[in-house]
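Following our numbering, the numbering of the sequence shown begins with 456 at its first residue and continues without gaps.
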Amino acid sequence: VSDTRKVVQAIRLGAHDYLTKPFQKAELDTVIDQCLGVNKQNYPGDVEELYDDVFFVAASPAMRKIRSQAALVANVDIPVLMLGESGTGKEVVARLIHKLSPRAHRTFLKVNCAAVPADLLESELFGYEAGAFTGATHPKPGKFELCNKGTILLDEIGEMPPLLQAKLLHVLQDQQFSRLGSRSVIKVDVRILAATNINIPEAIANKQLREDLYYRLNAFMLQLPPLRERKEEIPILLKHFMSRMSEQYARPPLPLSQALLQACLEYAWPGNLRELNNFVKRYLVLGDEKLAVQELQPKHDGSGPRADSSSPTSEGGGGKAGPQPDQLEPQAGRGIAQDQLQSAAL
Numbered sequence: 456v457s458d459t460r461k462v463v464q465a466i467r468l469g470a471h472d473y474l475t476k477p478f479q480k481a482e483l484d485t486v487i488d489q490c491l492g493v494n495k496q497n498y499p500g501d502v503e504e505l506y507d508d509v510f511f512v513a514a515s516p517a518m519r520k521i522r523s524q525a526a527l528v529a530n531v532d533i534p535v536l537m538l539g540e541s542g543t544g545k546e547v548v549a550r551l552i553h554k555l556s557p558r559a560h561r562t563f564l565k566v567n568c569a570a571v572p573a574d575l576l577e578s579e580l581f582g583y584e585a586g587a588f589t590g591a592t593h594p595k596p597g598k599f600e601l602c603n604k605g606t607i608l609l610d611e612i613g614e615m616p617p618l619l620q621a622k623l624l625h626v627l628q629d630q631q632f633s634r635l636g637s638r639s640v641i642k643v644d645v646r647i648l649a650a651t652n653i654n655i656p657e658a659i660a661n662k663q664l665r666e667d668l669y670y671r672l673n674a675f676m677l678q679l680p681p682l683r684e685r686k687e688e689i690p691i692l693l694k695h696f697m698s699r700m701s702e703q704y705a706r707p708p709l710p711l712s713q714a715l716l717q718a719c720l721e722y723a724w725p726g727n728l729r730e731l732n733n734f735v736k737r738y739l740v741l742g743d744e745k746l747a748v749q750e751l752q753p754k755h756d757g758s759g760p761r762a763d764s765s766s767p768t769s770e771g772g773g774g775k776a777g778p779q780p781d782q783l784e785p786q787a788g789r790g791i792a793q794d795q796l797q798s799a800a801l
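Written out as structure tokens, the structure reads:
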């Protein structure tokens with residue numbers, strides 16, 4: 456192919472790889488061998504370590520597809536928009552794309568648009584000159600300058616003020632901007648990734664997100680499924696979190712009995728991987744398996760976790776809502792094979 460749009464369309468349709476014209480026969484042979492290898496993989500679901508404390512697990516069909524698409528789009532220098540509930544791993548996917556891209560040895564920076572006050576976010580992204588505002592005694596480069604030739608992740612992009620979204624749109628279009636207090640134009644070469652858990656149609660209708668910015672960011676979209684839709688990964692994640700926590704806190708790892716594993720599979724994890732990680736941390740600290748299992752049981756007094764608390768409200772980036780309380784099955788998760796439970800037990 457010679458058209459980026461066709462490459463993106465092919466990836467969306469499930470292409471394993473692509474070649475740009477003109478290409479040599481040796482390149483074609485290599486790609487064919489790689490594709491045959493992909494088709495023969497058993498996908499054991501092993502943990503893929505990316506950086507310190509950053510890992511990726513693709514033990515479910517949905518996450519294998521995410522992994523495959525991320526690997527392909529990494530080599531196409533276009534914006535990528537990642538949607539999904541909080542805690543589903545959007546930042547991890549962004550780091551995976553960066554690691555697999557030609558920019559891998561350059562800077563990767565994350566900016567949480569919800570964590571930076573609105574009146575400071577512009578200077579954080581674009582920098583400022585001395586005298587631009589009270590207290591600006593020295594010039595300071597922004598994240599886009601610091602990330603030149605690299606990749607920037609704009610997390611919680613839906614929380615960015617609309618006026619600042621307009622300036623970001625120009626950066627996406629022209630790869631240039633001006634610092635606060637300056638008329639000089641700075642040109643950069645930055646790949647922009649964005650992530651959000653908002654409901655996109657609602658955000659556009661409410662003028663929270665500019666429609667033109669959305670279409671500019673949405674050159675390629677990855678929708679991350681919640682943990683309740685990829686429960687086959689829970690045993691792997693439990694073992695990995697337990698191993699990391701026991702090393703971090705210098706404590707021996709605790710056993711993961713079948714009763715505990717089954718309780719984890721039946722629970723809906725509204726907080727996704729972040730909630731699972733904190734659950735393992737509490738279990739390791741308290742050391743009480745019965746208490747850990749009870750923590751995951753449905754409660755009807757309005758306190759503590761409950762299996763039917765998984766229904767997302769407006770979060771989920773347009774994904775389908777979770778089950779309602781009267782739709783939950785008490786034995787949800789029993790479809791996971793018993794041999795998988797046994798292999799996950801420590």
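Note that the Cβ used here is the ideal one computed from N, Cα and C, for glycine as well.
Outcome for residue i when other beta-carbon atoms lying within 10 angstroms are tallied against a minimum of 16
i: T589; result: exposed
i: L741; result: exposed
i: E504; result: exposed
i: Q713; result: exposed
i: A614; result: Looking at the sequence provided, one finds Glu at residue 614 rather than Ala. With 16 or more Cβ atoms within 10 Å of its Cβ, E614 is classed as buried.
i: T543; result: buried
i: E540; result: buried
i: T592; result: exposed
i: E402; result: Coverage of the chain is limited to positions 456 through 801, which leaves residue 402 absent and any answer about it impossible.
i: P725; result: buried
i: A718; result: buried
i: E702; result: exposed
i: H560; result: exposed
i: K604; result: exposed
i: R706; result: exposed
i: R558; result: buried
i: E577; result: buried
Coarse secondary structure for residue i, derived from DSSP in three states
i: M697; result: helix
i: R646; result: strand
i: D610; result: strand
i: Y498; result: With a pLDDT of 43 at Y498, under the threshold of 50, the modelled position of that residue is not reliable, and no figure is offered here.
i: N567; result: strand
i: K622; result: helix
i: V528; result: helix
i: K595; result: strand
i: L677; result: strand
i: I533; result: coil
i: I691; result: helix
i: Y738; result: helix
i: I653; result: coil
i: F511; result: strand
Short Cβ contact (8 Å threshold) for residue i with residue j
i: A525; j: L618; result: no
i: V566; j: L580; result: yes
i: A649; j: I689; result: no
i: Y722; j: L751; result: yes
i: A513; j: E687; result: no
i: I655; j: Y669; result: yes
i: G597; j: G582; result: yes
i: A660; j: P616; result: no
i: T562; j: C602; result: yes
i: L536; j: N673; result: yes
i: V626; j: S633; result: no
i: L624; j: R665; result: yes
i: F511; j: L551; result: yes
i: A517; j: S556; result: no
i: V748; j: L720; result: no
i: L538; j: L679; result: yes
Identity of the residue in the options nearest residue i by Cα
i: V738; options: D629, N727 and L711; result: Correcting the residue identity first, residue 738 is Tyr in this sequence and not Val. Ranking D629, N727 and L711 by Cα distance to Y738 puts L711 first.
i: L731; options: I691, A705, A549 and P753; result: I691
i: Q628; options: L527, N733, P516 and I533; result: I533
i: A621; options: K662, I607, P594 and R638; result: K662
i: D452; options: R706, S698, Q631 and F734; result: This structure leaves residue 452 out entirely; the chain is present only between 456 and 801.
i: P594; options: C568, T606 and G636; result: G636
i: D743; options: R558, L608 and P708; result: P708
i: I653; options: P516, A569, D501 and A559; result: A569
i: A549; options: S578, Y506, V571 and P516; result: Y506
i: V531; options: E546, K545 and T606; result: T606
i: M700; options: V735, Q631 and D667; result: V735
i: F675; options: K754, N733 and L527; result: L527
i: E584; options: V547, K545, E546 and R638; result: R638
i: V547; options: R729, P753 and Q630; result: R729
Inter-stretch contact (C-beta, 8 Å, three-pair minimum) for the stretch 633 to 652 and the stretch 683 to 697: no
Would you call the stretch 693 to 703 and the stretch 516 to 523 in contact, with 3 or more CB pairs under 8 Å? No: the two stretches stay apart, fewer than three of their Cβ pairs being nearer than 8 Å.
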